[in-house]
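One gets the numbering used here by counting positions in the sequence shown from 1 and adding 122 to each. All remarks here apply to the structure that follows.
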Amino acid sequence: IPGKDGCMNQWMSNGVWRMRSTAIGPDSPSGQQIGWAVTETWTNQTSKPWAPGDTFVTDQQLVFADGNTLSSTNSAGSMMAQGKLMTHTFAPGESFTFQELFRPSGFDATETPVKLLVTFNAASENNIAWKPHYTANPANFRIKFTCGR
């Protein structure tokens, strides 16, 4: 999947959303790790209020050192976390910080996440005249956890 490369704590922009990942750590709701939690901050770059779910934000995936990926829609718990972002209506210029959860069906702590892939369906969004248009090509973000700013 093509994407703009960036690092942890680096702001990424595609003309509609500006976002950055500030931390990755264990997702341990009951004291035992069952996945990964990625802390993200998103900002609406448009002049109107929008929710990410209204602008063809499609998926987030953790990429592991072995090349395997894990979607943020993999489990009910991670989909509920994603819903906090997708349904949050941002005023123009407003920022929102939340944790995206990634919970595999069989958690293996030895699988190390190395990057986060955030995808957008820019072609569909840009075909609708009254919606904001993604100006970056590609609009997707690839954020490496092994480098930082």
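We put the CB at the ideal spot given by N, CA and C, even for glycine.
Problem - Proximity below 9 Å, CB of E216 to CB of A203 - result: no
Exercise for the section: Determine the direct distance from the alpha carbon of T144 to that of W158, and round the result to whole angstroms. Expected result: Between the C-alpha atoms of W158 and T144 there is a straight-line separation of about 13 Å.
Exercise for the section: For E233, collect the residues of the same chain with a Cβ closer than 6 Å to its Cβ; drop the 5 residues on either side in sequence, then sort them by chain order. Expected result: F186
Problem - Residue environment, W172, which counts as buried when at least 16 other CB atoms sit within 10 Å - result: W172 should be labelled buried.
Problem - Beta-carbon gap between T163 and P254 smaller than 9 Å - result: no
Practice task
Leaving out five residues on either side along the sequence, give the residues of the same chain with a beta carbon under 6 Å from the beta carbon of L207.
Solution key: P174, F220
Exercise for the section: Indicate the three-state DSSP secondary structure (helix, strand or coil) for P174 in the structure shown. Expected result: In the structure shown, P174 sits in a helix (DSSP, three-state: H, G or I).
Problem - Candidates N259, V236, F224, H210: closest to P151 by CA position - result: Taking only the C-alpha atoms, the option nearest P151 is F224.
Problem - Rounded C-alpha distance that separates C269 from V236 - result: 10 Å
Problem - Q204 (DSSP reduced to helix, strand or coil) - result: Residue state, collapsed to three classes: helix.
Problem - K266 to N166 span [Cα, whole Å] - result: 22 Å
Exercise for the section: Measuring alpha carbon to alpha carbon, tell me which of A251, N248, N249, A244 ends up nearest A261. Expected result: A244
Practice task
Check each candidate in Q155, V240, M130, W133 and name the one with the smallest Cα separation from V179.
Solution key: V240
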